[in-house]
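> For the sequence shown, position 119 matches number 119 in UniProt numbering, and the numbering has no gaps at all.
Virtual Cβ for every residue (Gly too), placed ideally from N, Cα, C.
A quick note: this is a predicted structure, and the numbers were derived from the prediction, not measured.
Take this structure first; my questions come after.
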Amino acid sequence: MKPTFALAIVALLSAAPAPSRADDVPAGTSKDPMQVKPGKYRLDPAHGKITWSLSHLGYSTYYGQITDIAAEATLDPREPAKSTLSVTINTASVNGLNDKLNEHLKAPDFFDVQKFPQATYVSTSVEPTSPTTAHVNGELTIKGVTRIVSFDATFNQAGVNPVDKVYSVGFDGRAVIRRSDFGISAFLPLLGDEVQLRLEGEFKAQP
């Protein structure tokens, strides 16, 4: 956001910068998806995560995160339907923010990380729903079970990241899955079957 300048004295008004607006963005970035550079991108592992939540005994909504994620995307702003996404998740990184729970999440009752160390998602189609949103369809594989899963993606902005000086594109996403569809049925119905997923990702342009 550009800094807001105080009003100058009357004699200098003609030279004073205009006050910033709420929709201003840093120089070199754009919220217009048509300005995104086409090509190959890779997820920044430090800024890519999945926040998951489900009902806990009906008393509360329990939240956790998945943080060890690798992803590659091909973006085509002119023809979004040609864009692609491929994601690999290291299941041992599924975090319930509690040591005892984390041990259980890695066990056969849940992700069985020794036998299934990775989950994957591969897009099959991208359907634009507005200038800045799209419906992404694809195949999600967890514990060797593959199901069609769709999520809604929102474009945030693109431009040269001021920290590492690399051209970057940022997205948010939302999805809902049923864990029983992937053979994760432990403690149903006490623990919710429906899992809400909030997706966050910053992608770096590749040479």
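Across the stretch 93 to 111 and the stretch 78 to 85, are there enough close Cβ pairs to call them in contact, namely three or more that are closer than 8 angstroms?
no
> For the beta strand (DSSP E) containing ASP172, list its first residue and its last residue.
According to the DSSP assignment, ASP172 belongs to the beta strand (DSSP E) that extends over 167 to 178.
> By the three-class DSSP mapping on this structure, what secondary structure does LEU57 have?
coil
> Does DSSP put THR67 in a helix, a strand or coil?
Of the three classes helix, strand and coil, the one that applies to THR67 here is coil, per DSSP.
> I need the straight-line Cα distance from TYR41 to ALA205, nearest angstrom please.
Each residue's alpha carbon lies about 4 angstroms from the other.
> Identify every residue that forms a DSSP beta bridge with residue 230.
This structure does not reach residue 230, given that the chain is present from 1 up to 207, and the question cannot be answered.
> CB-CB under 6 angstroms to GLU72, same chain, minus the five flanking residues each way: which ones, in chain order?
ARG42 and SER86.
> Assuming ALA119 and THR141 form a contact by the criterion Cβ under 8 angstroms, report the distance between their Cβ atoms to the nearest whole angstrom.
6 angstroms
> Taking DSSP as the reference, what is the three-state secondary structure of ASN161?
Coil at ASN161, not helix or strand.
> If you measure between the beta carbons of VAL122 and GLY144, is that distance less than 8 angstroms?
no
> Using only alpha-carbon positions, find the residue among ASN90, PRO128, GLY64 and ILE89 that is nearest to ASP99.
GLY64
> Excluding five sequence neighbours on each side, which residues of the same chain lie with their C-beta closer than 6 angstroms to the C-beta of LYS49?
GLN65, THR67 and GLU200
> Please name the residue in ALA46, SER125, HIS56 and GLN35 whose C-alpha comes closest to that of THR163.
The question names Thr, yet the displayed sequence has Val at residue 163. Of the candidates ALA46, SER125, HIS56 and GLN35, the one whose C-alpha sits nearest the C-alpha of VAL163 is ALA46.
> Just the C-alpha distance for LYS37 and THR88, rounded to the nearest angstrom, thanks.
24 angstroms
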